[in-house]
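Residue numbers (my numbering): 328 to 466. All C-beta atoms, glycine included, are put in the ideal place defined by N, C-alpha and C.
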Amino acid sequence: MPVITSLHLEKFQESDRRLTPQRQAVLKAFMELSREHPTAETIYHAARRYCPTVGRATVYRTLDLFTQMGIIVKAPTLNGSARYEMNRSPHSHFVCLKCGRTYEFQRTQEPLGKYTNEEGFEVLSTSTIFFGYCPACRE
(Lines of atoms letter the chains of each structure in order from A; the text may use other names.)
(Lines give C-alpha, C1' and ligand atoms only; values in the text may rest on other atoms or scores of the structure.)
Protein backbone atom coordinates (compact mmCIF):
# COMPACT_ATOMS: atom_id res chain seq x y z
CA MET A 328 0.00 0.00 0.00
CA PRO A 329 1.41 3.45 -0.89
CA VAL A 330 2.56 5.54 2.04
CA ILE A 331 1.97 9.27 2.35
CA THR A 332 5.37 10.77 3.15
CA SER A 333 6.32 13.59 5.48
CA LEU A 334 7.05 15.70 2.38
CA HIS A 335 3.41 15.39 1.30
CA LEU A 336 2.22 16.26 4.79
CA GLU A 337 4.53 19.30 4.89
CA LYS A 338 3.08 20.59 1.61
CA PHE A 339 -0.40 20.44 3.15
CA GLN A 340 0.70 22.13 6.37
CA GLU A 341 2.41 24.90 4.40
CA SER A 342 -0.72 25.50 2.34
CA ASP A 343 -3.23 25.41 5.22
CA ARG A 344 -5.16 22.76 3.28
CA ARG A 345 -6.63 19.69 4.92
CA LEU A 346 -5.61 16.21 3.86
CA THR A 347 -9.16 14.84 3.76
CA PRO A 348 -9.85 11.10 3.36
CA GLN A 349 -10.75 11.73 -0.30
CA ARG A 350 -7.48 13.57 -0.93
CA GLN A 351 -5.59 10.81 0.86
CA ALA A 352 -7.25 8.25 -1.42
CA VAL A 353 -6.32 10.23 -4.55
CA LEU A 354 -2.73 10.67 -3.33
CA LYS A 355 -2.38 6.96 -2.50
CA ALA A 356 -3.86 5.96 -5.86
CA PHE A 357 -1.55 8.35 -7.69
CA MET A 358 1.52 7.06 -5.83
CA GLU A 359 0.51 3.49 -6.62
CA LEU A 360 0.30 4.31 -10.34
CA SER A 361 2.91 7.07 -10.64
CA ARG A 362 5.38 5.04 -12.76
CA GLU A 363 2.69 4.74 -15.45
CA HIS A 364 2.00 8.48 -15.78
CA PRO A 365 -1.69 7.81 -14.99
CA THR A 366 -4.70 9.70 -16.29
CA ALA A 367 -7.29 11.20 -13.96
CA GLU A 368 -9.69 8.41 -14.90
CA THR A 369 -7.16 5.72 -13.96
CA ILE A 370 -6.48 7.48 -10.67
CA TYR A 371 -10.23 7.73 -10.02
CA HIS A 372 -10.72 3.95 -10.35
CA ALA A 373 -7.74 3.23 -8.08
CA ALA A 374 -8.81 5.86 -5.51
CA ARG A 375 -12.18 4.13 -5.10
CA ARG A 376 -10.34 1.17 -3.57
CA TYR A 377 -9.15 3.47 -0.75
CA CYS A 378 -12.33 5.55 -0.47
CA PRO A 379 -15.36 4.01 -2.22
CA THR A 380 -17.36 7.25 -1.95
CA VAL A 381 -14.84 9.46 -3.79
CA GLY A 382 -16.36 11.00 -6.92
CA ARG A 383 -14.86 11.82 -10.31
CA ALA A 384 -15.22 15.56 -9.79
CA THR A 385 -13.39 15.29 -6.46
CA VAL A 386 -10.53 13.42 -8.14
CA TYR A 387 -10.21 16.05 -10.89
CA ARG A 388 -10.32 18.92 -8.36
CA THR A 389 -7.80 17.14 -6.15
CA LEU A 390 -5.39 16.57 -9.04
CA ASP A 391 -5.66 20.28 -9.90
CA LEU A 392 -4.97 21.13 -6.25
CA PHE A 393 -1.95 18.80 -6.11
CA THR A 394 -0.64 20.42 -9.29
CA GLN A 395 -1.06 23.91 -7.79
CA MET A 396 0.69 22.76 -4.62
CA GLY A 397 3.63 21.39 -6.61
CA ILE A 398 3.15 17.78 -5.48
CA ILE A 399 2.53 16.54 -9.03
CA VAL A 400 2.92 17.89 -12.55
CA LYS A 401 1.26 17.14 -15.85
CA ALA A 402 3.37 14.93 -18.10
CA PRO A 403 3.59 15.51 -21.86
CA THR A 404 1.33 13.42 -24.10
CA LEU A 405 0.61 13.09 -27.80
CA ASN A 406 -3.11 13.74 -27.73
CA GLY A 407 -3.20 16.45 -25.08
CA SER A 408 -4.95 14.29 -22.47
CA ALA A 409 -3.71 14.98 -18.96
CA ARG A 410 -1.30 12.47 -17.45
CA TYR A 411 0.39 13.06 -14.14
CA GLU A 412 3.76 12.42 -12.53
CA MET A 413 5.59 13.31 -9.33
CA ASN A 414 7.24 16.72 -9.29
CA ARG A 415 10.89 15.75 -8.89
CA SER A 416 14.34 16.29 -10.35
CA PRO A 417 14.63 17.37 -13.98
CA HIS A 418 14.25 14.55 -16.49
CA SER A 419 13.22 14.08 -20.10
CA HIS A 420 10.33 12.19 -21.64
CA PHE A 421 9.93 9.86 -24.59
CA VAL A 422 6.46 9.64 -26.18
CA CYS A 423 5.72 6.67 -28.43
CA LEU A 424 4.09 7.78 -31.68
CA LYS A 425 2.20 4.48 -32.02
CA CYS A 426 0.86 3.57 -28.55
CA GLY A 427 1.06 7.07 -27.06
CA ARG A 428 2.70 5.88 -23.85
CA THR A 429 5.01 8.30 -22.04
CA TYR A 430 8.34 7.06 -20.69
CA GLU A 431 10.86 8.87 -18.50
CA PHE A 432 14.44 9.43 -19.58
CA GLN A 433 16.88 10.25 -16.83
CA ARG A 434 19.54 12.71 -17.82
CA THR A 435 21.78 15.18 -16.13
CA GLN A 436 20.88 18.80 -16.43
CA GLU A 437 22.64 21.88 -15.21
CA PRO A 438 20.66 23.53 -12.43
CA LEU A 439 19.05 26.67 -13.79
CA GLY A 440 18.61 28.65 -10.66
CA LYS A 441 17.12 31.91 -11.84
CA TYR A 442 18.09 32.45 -15.47
CA THR A 443 17.09 35.40 -17.64
CA ASN A 444 18.17 35.51 -21.27
CA GLU A 445 19.03 38.59 -23.34
CA GLU A 446 15.38 39.14 -24.38
CA GLY A 447 14.25 39.26 -20.75
CA PHE A 448 12.63 35.81 -20.49
CA GLU A 449 12.92 34.28 -17.02
CA VAL A 450 13.48 30.51 -17.33
CA LEU A 451 12.41 28.49 -14.29
CA SER A 452 12.62 24.98 -15.70
CA THR A 453 13.24 23.10 -18.92
CA SER A 454 11.71 20.04 -20.53
CA THR A 455 12.89 17.83 -23.36
CA ILE A 456 10.52 15.46 -25.12
CA PHE A 457 11.69 12.75 -27.51
CA PHE A 458 9.24 11.24 -30.00
CA GLY A 459 9.59 7.87 -31.70
CA TYR A 460 8.62 4.23 -31.26
CA CYS A 461 8.97 2.24 -28.03
CA PRO A 462 10.54 -1.26 -28.16
CA ALA A 463 7.13 -2.99 -28.18
CA CYS A 464 5.81 -0.88 -31.08
CA ARG A 465 8.99 -1.27 -33.14
CA GLU A 466 8.41 -5.00 -33.47
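When the five nearest sequence neighbours on each side are left out, the beta carbons in the same chain lying within less than 6 Å of the beta carbon of GLN349 are those of CYS378, VAL381 and THR385, in order along the chain. About 6 Å separates the beta carbons of TYR411 and PHE357, which is inside the 8 Å limit, making them a contact pair. Note that the C-beta distance between LEU360 and ALA352 is not below 8 Å. Comparing C-alpha distances from CYS464 to each of PHE457, CYS426, PHE458 and ILE456 shows the shortest one belongs to CYS426.
Separation of GLU431 and ARG376 (C-alpha to C-alpha, rounded to the nearest whole angstrom) is 27 Å. Beyond the five residues adjoining it in sequence on each side, PHE339 comes within less than 6 Å, by CB distance, of LEU346 in the same chain, given in chain order. For ILE456 against HIS420, the beta-carbon gap comes to about 5 Å, under 8 Å, which counts as contact. Under DSSP, the beta-bridge partners assigned to LYS401 are TYR411.
DSSP places HIS418 outside both helix and strand once states are collapsed to three, so it counts as coil.
For THR394, no beta strand (DSSP E) encloses it; the enclosing alpha helix (DSSP H) starts and ends at 383-396.
Shown here, GLU359 sits in a helix according to DSSP, grouped into three states. Take the alpha-carbon of ARG383 and the one of LYS355: they are about 15 Å apart.
DSSP lists CYS423 as the beta-bridge partner residues of GLY459.
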